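In what follows, a single structure is set out as structure tokens and then discussed.
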Amino acid sequence: MLKYILHRRIAAMERQYGYDATYLHYLCDVSPVAAYRFVKAQTSARWRGNAPRTAWHAASIGGALVEDCGPCVQIATDIAVGDGVKGDIIGALLSGGPTDADAQLGFDYGRALLQATDKLDSLREQVENRWGKRGLVALSFMAMYSRNYPVLKRALGHAKTCQKVRIGQTDIAVAQSLKAA
């Protein structure tokens, strides 16, 4: 029964976002309990704390971009747009252009956290000063959890190559300096 319910929820997500979640179906077939636990862990990241919506989603997009510059970045973008983040903000983040200060801080923090860069301490301090400890934890969760999907896909042999990200009717080329290694 659990397998059936999970497959239906995964299929609904695929339809909603035009996303190929073959790797999640595979995980569900291998172990419905493992699939359930993975999804349950992922949904705990949906806590925003004191972080503004733009920064929160930007941390997710930045985190996904550390591991992937294809379908996982696309779905993080689609979720952000669906939650009201303006496409031009996301487009600027992905192309390396100037944008909203909150979004840029969330994006830069998410990337620095997962890449363990020298900028991490400074960005952590900026996030905490702006949105408090709760905001820091919320952005950290989003960056950390957004990395899990591309890592799982790669582990199961389902990873894809980089692609342009579509926002509405516009394709955004991810800046070369931001692409996953």
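Numbering (the numbering used here), first residue to last: 1 to 181. Glycine included, C-beta positions come from ideal geometry on N, C-alpha and C. Given the structure is predicted, the values throughout are model-derived calculations rather than measurements.
State buried or exposed for residue i, treating a residue as buried only when at least 16 other CB atoms are found within 10 Å of its CB.
{"i": "Leu27", "result": "buried"}
{"i": "Val165", "result": "buried"}
{"i": "Ile5", "result": "exposed"}
{"i": "Trp131", "result": "buried"}
{"i": "Gln74", "result": "buried"}
{"i": "Leu2", "result": "exposed"}
{"i": "Val30", "result": "exposed"}
{"i": "Asp108", "result": "buried"}
Quick check: what's the CA-CA separation for residue i versus residue j?
{"i": "Tyr23", "j": "Lys153", "result": "6 Å"}
{"i": "Leu178", "j": "Arg134", "result": "27 Å"}
{"i": "Thr54", "j": "Tyr145", "result": "17 Å"}
{"i": "Met13", "j": "Tyr19", "result": "7 Å"}
{"i": "Tyr17", "j": "Arg8", "result": "14 Å"}
{"i": "Ser95", "j": "Val85", "result": "16 Å"}
{"i": "Pro32", "j": "Asp78", "result": "26 Å"}
{"i": "Ser122", "j": "Leu105", "result": "11 Å"}
{"i": "Ala11", "j": "Ala21", "result": "8 Å"}
{"i": "Pro99", "j": "Ala58", "result": "In the sequence as presented, Pro is not what sits at residue 99; that position holds Thr. Approximately 11 Å, taken between the alpha carbons."}
{"i": "Trp56", "j": "Arg147", "result": "14 Å"}
{"i": "Gly157", "j": "Arg111", "result": "24 Å"}
{"i": "Leu113", "j": "Glu67", "result": "13 Å"}
{"i": "Pro71", "j": "Ala35", "result": "19 Å"}
{"i": "Ala143", "j": "Asp102", "result": "15 Å"}
{"i": "Phe38", "j": "Gly168", "result": "30 Å"}
The alpha helix (DSSP H) with residue i in it runs from where to where?
{"i": "Val165", "result": "Looking at the DSSP string, Val165 is not in any alpha helix (DSSP H); the run it does join, the beta strand (DSSP E), is Val165 to Ile167."}
{"i": "Thr54", "result": "Arg53 to Glu67"}
{"i": "Leu120", "result": "Leu120 to Ala155"}
{"i": "Leu2", "result": "Leu2 to Tyr17"}
Can you tell me where the beta strand (DSSP E) holding residue i begins and where it ends?
{"i": "Thr22", "result": "First-last for Thr22: Thr22 to Val30, but that is the alpha helix (DSSP H), not the beta strand (DSSP E)."}
Under the three-state reduction of DSSP, which class applies to residue i: helix, strand or coil?
{"i": "Asp171", "result": "strand"}
{"i": "Pro98", "result": "coil"}
{"i": "Val81", "result": "helix"}
{"i": "Thr43", "result": "helix"}
{"i": "Arg37", "result": "helix"}
{"i": "Ala159", "result": "coil"}
{"i": "Arg48", "result": "coil"}
**Prompt:** How do the stretch 167-175 and the stretch 33-45 stand: do at least 3 beta-carbon pairs fall below 8 Å, yes or no?
**Reply:** no
**Asked** Is the number of C-beta pairs between the stretch 84-96 and the stretch 115-123 that are closer than 8 Å three or more?
**Response** no
**Prompt:** With contact counted as at least three CB pairs below 8 Å, one residue from each stretch, are the stretch 49-63 and the stretch 123-143 in contact?
**Reply:** yes
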